[in-house]
Amino acid sequence: MTESNDTPIQTEEGDERQHRRIKSFVMRAGRMTEGQQRGLEQGTPLFVLPLADAPVDFDQVFGRSAPRSLEIGFGMGHSLLEMAAASPEQDFIGVEVHRPGVGALLNGVLTQGLTNLRVYDCDAIEVLNRCVADNSLDRLMLFFPDPWHKSRHHKRRIVQASFAELVRSKLKVGGVLHMATDWEPYAEYMLEVMNVAPGYRNLAEDGKCVPRPAERPITKFERRGERLGHGVWDLKFEKLS
1 MTESNDTPIQ
11 TEEGDERQHR
21 RIKSFVMRAG
31 RMTEGQQRGL
41 EQGTPLFVLP
51 LADAPVDFDQ
61 VFGRSAPRSL
71 EIGFGMGHSL
81 LEMAAASPEQ
91 DFIGVEVHRP
101 GVGALLNGVL
111 TQGLTNLRVY
121 DCDAIEVLNR
131 CVADNSLDRL
141 MLFFPDPWHK
151 SRHHKRRIVQ
161 ASFAELVRSK
171 LKVGGVLHMA
181 TDWEPYAEYM
191 LEVMNVAPGY
201 RNLAEDGKCV
211 PRPAERPITK
221 FERRGERLGH
231 GVWDLKFEKL
241 S
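Numbering (the UniProt record's numbering), first residue to last: 1 to 241.
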């Protein structure tokens, strides 16, 4: 079932109606393992942040000033956990609506004793708009988003001109939007969107995709795809202004 965000707006007649913003994600139910349930019960009070009505002071949240990355749609959290554990000098913020995935990540944070990771369990666009200050992120990561293969569903893709502009407003100058996909037509589509987005520079030498960056962990899904001959395409765009 697709989650919708209903915002009341006024018509010329003064009647209130509901405006539904198209979502780029689907709320999927799933069974909870004991570990995932433990993560939600014990980790939520410690590491899950509420939606705020004003930009959050993440220096206060983490108790320090450090390079800061935000990942949209971390799935089951394996890559985000690995990145946070490998870079304790950096801070990480993950956004995911899938409850078992949130529970799995929180269980991992508790098990590994990590302190440099926080979570939002709600719509990433709302998080960016309401909680993240402009010019504050060093990196925004979007790994393997739903490509919405059918043409009639392309409007649901998260990568749109408006998304590129929103991300640019949240990145510091020199900050990087890093995207990855295992579907080549979606990589080509993302390139089309980003190549005309103002204020960015493609970091690929050939103006297309970059080699797989060492800082992006390889997932089990990706390893399986490689064995089957499937490719993965990484795109990196730096904020210039």
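All C-beta atoms in this analysis are idealised placements derived from N, C-alpha and C, irrespective of residue type, glycine included.
Best match in the options for proximity to residue i [C-alpha to C-alpha]
i: I72; options: L177, E205, M194, A187; result: L177
i: R68; options: V97, N129, L171, E238; result: L171
i: R78; options: Q112, Q60, Q42; result: Checking the sequence shown, residue 78 turns out to be His, not Arg. It is Q112 whose Cα lies nearest to the Cα of H78.
i: Y200; options: R99, A164, V95; result: A164
i: A180; options: M141, D206, N107, R99; result: M141
i: M32; options: A52, F62, M76, F221; result: M76
i: S65; options: K220, L105, D91; result: D91
i: C131; options: N116, A52, E96, V61; result: A52
i: E215; options: Y189, P198, F143; result: F143
i: H230; options: E238, K236, F221, F237; result: F221
i: E41; options: N116, L105, L240, R139; result: L105
i: V95; options: E238, L80, L46, K155; result: L80
i: E34; options: G101, A84, M83; result: G101
Euclidean distance between Cα positions of residue i and residue j
i: G103; j: G39; result: 5 Å
i: V173; j: N135; result: 7 Å
i: S4; j: V127; result: Because the pLDDT of S4 is 35, which lies under 50, any placement of that residue in the model is unreliable, and the question is left without a value.
i: G108; j: L137; result: 24 Å
i: T233; j: R212; result: Checking the sequence shown, residue 233 turns out to be Trp, not Thr. So the alpha carbons of these two residues sit roughly 7 Å apart.
i: E205; j: R168; result: 21 Å
i: I93; j: L49; result: 10 Å
i: L235; j: C209; result: 5 Å
i: D146; j: G63; result: 34 Å
i: E89; j: P198; result: 31 Å
i: R224; j: P217; result: 14 Å
i: D15; j: A133; result: Any reading at D15 needs caution, since the residue's pLDDT is 41, under 50, leaving its predicted position unreliable; the model's value is listed next. Straight-line Cα distance between these residues: approximately 34 Å.
i: G175; j: L114; result: 24 Å
i: A86; j: N116; result: 11 Å
Residue i - containing beta strand (DSSP E), residue span
i: V109; result: No beta strand (DSSP E) contains V109, which is instead part of the alpha helix (DSSP H) from 99–112.
i: I125; result: Looking at the DSSP string, I125 is not in any beta strand (DSSP E); the run it does join, the alpha helix (DSSP H), is 124–131.
i: G231; result: Premise fails: G231 is in no beta strand (DSSP E) and is neither H nor E.
i: G94; result: 91–95
i: R118; result: 117–120
i: R201; result: 200–202
Boundaries (first-last residue) of the alpha helix (DSSP H) holding residue i
i: R224; result: 220–227
Next on the checklist: Under 8 Å: do the stretch 141–152 and the stretch 111–123 share three or more Cβ pairs, one atom per stretch?
Outcome noted: Touching, no.
Item to check | 3-residue-minimum beta strand (DSSP E) runs that sit fully inside the stretch 136–192, ordered along the chain | outcome: Assignment of beta strand (DSSP E) within the stretch 136–192, counting only whole runs of 3 or more residues, yields 137–143, 171–181 in chain order.
Item to check | 4 or more residues per run - each alpha helix (DSSP H) lying fully within the stretch 30–85 | outcome: Entirely contained in the stretch 30–85, the alpha helix (DSSP H) runs reaching 4 residues are, in chain order, 34–38, 44–47, 58–62.
Checklist entry - Counting Cβ pairs, one atom from each stretch, are 3 or more of them under 8 Å apart for the stretch 180–198 and the stretch 156–164? => result Contact between the stretch 180–198 and the stretch 156–164 is established, with three or more Cβ pairs separated by less than 8 Å.
Checklist entry - Is there contact here, the stretch 181–189 with the stretch 56–70, by at least three beta-carbon pairs under 8 Å? => result The way I'd put it, the stretch 181–189 doesn't touch the stretch 56–70; fewer than three beta-carbon pairs between them come closer than 8 Å.
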